[in-house]
Each structure stands twice: as structure tokens, then as C-alpha cells.
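Engineer: Attaching a single structure in C-alpha cells format; questions to follow.
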Amino acid sequence: MARLKGPPRRLGFTPRVVGFVDRAEAERARDRARVEGNNLRRLYRTKRWRDLRLVILTRAGWMCQGCAVPHLLVGKAPEPDSPVVDHIEPHRGNLALFWDECNLQAVCKRFHDTEKQAAEHAAARDGAPGGGSKV
Numbered sequence: 023m024a025r026l027k028g029p030p031r032r033l034g035f036t037p038r039v040v041g042f043v044d045r046a047e048a049e050r051a052r053d054r055a056r057v058e059g060n061n062l063r064r065l066y067r068t069k070r071w072r073d074l075r076l077v078i079l080t081r082a083g084w085m086c087q088g089c090a091v092p093h094l095l096v097g098k099a100p101e102p103d104s105p106v107v108d109h110i111e112p113h114r115g116n117l118a119l120f121w122d123e124c125n126l127q128a129v130c131k132r133f134h135d136t137e138k139q140a141a142e143h144a145a146a147r148d149g150a151p152g153g154g155s156k157v
């Protein structure tokens with residue numbers, strides 16, 4: 023019996039994600055739907071937020087405030103050392119807390135997406151104040 027060397031030709035052209043050309047397009051569509059469904063996410067696209075973000079990054083000297091070893095925040099979003107302005111205490115829709123400069127810190131994407139999110143999820147699970155928000 024002959025061995026199959028690859029998928030049959032008719033299966034080789036199926037999209038990786040159903041309904042989308044590729045995974046990146048599917049992720050962009052998911053992000054757009056998430057932004058449209060949540061009014062608070064729109065705040066991150068405003069000029070006021072962009073200006074405030076620069077103030078916070080400059081105040082921190084473009085150094086990560088979360089990691090044990092300080093390092094420069096460089097690059098754009100997919101890179102682990104790209105700058106993220108993070109709410110120290112989750113705002114949960116409180117606009118005064120959202121815009122409060124004292125509640126913002128400059129961190130790297132790696133810290134924000136791993137340690138910070140894990141701490142917020144654990145606090146939310148335990149019911150402690152300061153628990154995470156996916157907003």
C-alpha cells in the first residue's frame with residue numbers, strides 16, 4: 023500500500039480559519055468586533071489618550087516600571103519590549119480613574135500580558151478588590 027506524501031490537492035487550499043483568508047485577518051475581525059461592542063475601548067483611540075500616553079511614557083523615561091530589571095521600551099505592539107501604558111488599579115468604567123495620571127504606569131508588553139494579567143485574574147478569582155477587567 024502506498025504512503026500518502028501530503029494532503030490531497032483539493033484540501034491544500036482550504037483557509038486556516040473558517041470564513042477568513044488567514045489567522046491574522048480573523049484576529050483583526052475579532053478585535054474590531056470587541057472594540058465596537060465596548061464603548062470604553064474607544065477611549066484608547068482618542069487624541070486625549072494618545073497625548074496622555076506620551077506624558078506617562080516620558081515621565082517614566084521610556085523605562086518599564088513593572089519588571090525587576092529596568093529596560094527601555096522600544097518597538098511596536100507585537101514585540102515583547104513595546105511600550106504599554108497600564109492602569110495600576112483597574113478602572114472598570116470609572117472615567118475619573120481611567121484618566122487619572124497617578125493611576126497609570128509605563129510597562130513593557132511582556133510584563134503587561136503575563137505577570138500583570140495573571141495578578142489581575144487571580145485577584146478577580148479570589149474576589150479581592152483591584153481584580154482584573156478585560157476592558
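In this text, residue positions in the sequence shown follow the working numbering: the first is 23, and each later residue adds one.
Glycine is no exception: its CB is placed at the ideal position from the N, C-alpha and C atoms.
Small disclaimer: the values here were computed from a predicted structure and weren't measured.
Candidates Leu94, Lys138, Ala99, Arg81: which alpha carbon is nearest Asp108's?
Structural biologist: Residue numbering aside, residue 108 sits at position 86 when the sequence shown is read from its first letter. Selected option, being the one with the closest Cα: Lys138.
Engineer: In chain order, what residues of the same chain lie with their CB nearer than 6 Å to the CB of Ala141, ignoring the 5 residues before and after it?
Structural biologist: Counted from its first residue, the sequence shown places residue 141 at position 119. No residues qualify anywhere along the chain.
Engineer: In terms of DSSP beta bridges, what is Asp108 paired with?
Structural biologist: Reading the sequence shown from its first residue, position 86 is the one you call residue 108. For Asp108, which the question treats as bridged, DSSP gives the partners Gln127.
Engineer: Taking the alpha-carbon positions, what's the Arg45 to Arg72 distance?
Structural biologist: Here residue 45 is taken as the residue at index 23 of the sequence shown, counted from 1. Here residue 72 is taken as the residue at index 50 of the sequence shown, counted from 1. Between Arg45 and Arg72, the C-alpha separation is close to 28 Å.
Engineer: Quick one: Cα of Gly83 to Cα of Lys69, how far?
Structural biologist: Walking along the sequence shown from the start, residue 83 turns up at place 61. Walking along the sequence shown from the start, residue 69 turns up at place 47. In a straight line, the C-alpha of Gly83 is about 21 Å away from that of Lys69.
Engineer: Examine the Cβ distances between the stretch 129-138 and the stretch 83-102 and report whether three or more of them are shorter than 8 Å.
Structural biologist: The stretch 129-138 is in contact with the stretch 83-102.
Engineer: Which class does Leu5 belong to by DSSP, given the choice of helix, strand or coil?
Structural biologist: Because residue 5 is not part of the residues shown, which for the chain are 23 to 157, the question remains open.
Engineer: Going along the chain, which residues of its own chain have a beta-carbon closer than 6 Å to the beta-carbon of Ile110, five neighbours each way excluded?
Structural biologist: Counting from 1 along the sequence shown, the entry for residue 110 is found at position 88. Excluding sequence neighbours, Ile110 sits near Asn125, Gln127.
Engineer: Does the Cβ-Cβ distance between Leu76 and Phe120 come in under 8 Å?
Structural biologist: Here residue 76 is taken as the residue at index 54 of the sequence shown, counted from 1. Here residue 120 is taken as the residue at index 98 of the sequence shown, counted from 1. No, they are not a contact pair.
Engineer: Can you tell me whether Leu33 is buried or exposed? The criterion is at least 16 other CB atoms within 10 Å of its CB, across all chains shown.
Structural biologist: Here the question's residue 33 lines up with position 11 in the sequence shown. No answer about Leu33 holds up, because its pLDDT of 49 lies below 50 and its placement is not dependable.
Engineer: Just tell me which of Arg147, Arg25, Phe133 has its CA closest to the CA of Met85.
Structural biologist: Locating residue 85 in the sequence shown gives position 63, counting from the first residue. The candidate whose alpha carbon is nearest that of Met85 is Phe133.
Engineer: Taking the alpha helix (DSSP H) that Ala82 falls in, what are its first and last residues?
Structural biologist: Locating residue 82 in the sequence shown gives position 60, where the first residue counts as 1. Taken as a continuous stretch (DSSP letters only), Ala82 belongs to no alpha helix (DSSP H), as it is neither H nor E.
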